[in-house]
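Trainee: Attaching a single structure in structure tokens format; questions to follow.
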Amino acid sequence: MANLMRPGMYDAYHHISIVTNETPVPGLPPRDHVMPDNSKDLIVNKGVFDVVGGLCENNDKFAIDRSLNAEPRPGDVCIIHDSGA
1 MANLMRPGMY
11 DAYHHISIVT
21 NETPVPGLPP
31 RDHVMPDNSK
41 DLIVNKGVFD
51 VVGGLCENND
61 KFAIDRSLNA
71 EPRPGDVCII
81 HDSGA
């Protein structure tokens, strides 16, 4: 939200793509690391994700319940399309 306010302010849609990175990134768990399953919803909504920002604000959300082209893993890059002037 600090850098892209449109989704949080008036629910603007931006296409989101995940670019996978197979190269290990220092400080991040390996790509095959089992991520914690901290929600029963993860099983029901497999392949559906919330894309959120780094601010602790209730409207710092870029996408809710969005299907993505790949499952995000540590080290991947998230591209939020059409966000520049």
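In full-length UniProt numbering, the protein residues as written are 1 to 85. All C-beta atoms in this analysis are idealised placements derived from N, C-alpha and C, irrespective of residue type, glycine included.
1. Is it the case that the Cβ atoms of residue 84 and residue 28 are separated by a distance below 8 Å?
2. Exposed or buried, residue 71, counting other C-beta atoms within 10 Å across all chains shown (16 or more means buried)?
3. What are the boundary residues of the beta strand (DSSP E) that residue 67 is part of?
4. Since I believe residue 52 is in contact with residue 61 (beta carbons under 8 Å), could you give me their beta-carbon distance rounded to a whole number of angstroms?
5. Considering residue 51, what are the terminal residues of the beta strand (DSSP E) in which it resides?
6. Measure from the alpha carbon of residue 73 to the alpha carbon of each residue in 64, 54, 59 and 17, then state which is nearest.
Mentor: Result, derived from the coordinates:
1. For the purposes of this step, residue 84 is taken as residue 84 along the sequence shown, with counting starting at 1. For the purposes of this step, residue 28 is taken as residue 28 along the sequence shown, with counting starting at 1. No, they are not a contact pair.
2. For the purposes of this step, residue 71 is identified with residue 71 of the sequence shown, where counting begins at 1. Exposed, because fewer than 16 other Cβ atoms sit within 10 Å of the Cβ of residue 71.
3. Numbered from its first residue, the sequence shown carries residue 67 at position 67. Looking at the DSSP string, the run of the beta strand (DSSP E) that includes residue 67 is 61-67.
4. Your numbering for residue 61 matches position 61 in the sequence shown. Your numbering for residue 52 matches position 52 in the sequence shown. With a Cβ gap of about 5 Å, residue 61 and residue 52 count as contacting.
5. Sequence index remark: in the sequence shown, residue 51 carries index 51 (1-based). Residue 51 -> beta strand (DSSP E) spans 48-52.
6. Residue 73 sits at position 73 when you count from the first residue of the sequence shown. Nearest C-alpha to residue 73: 17.
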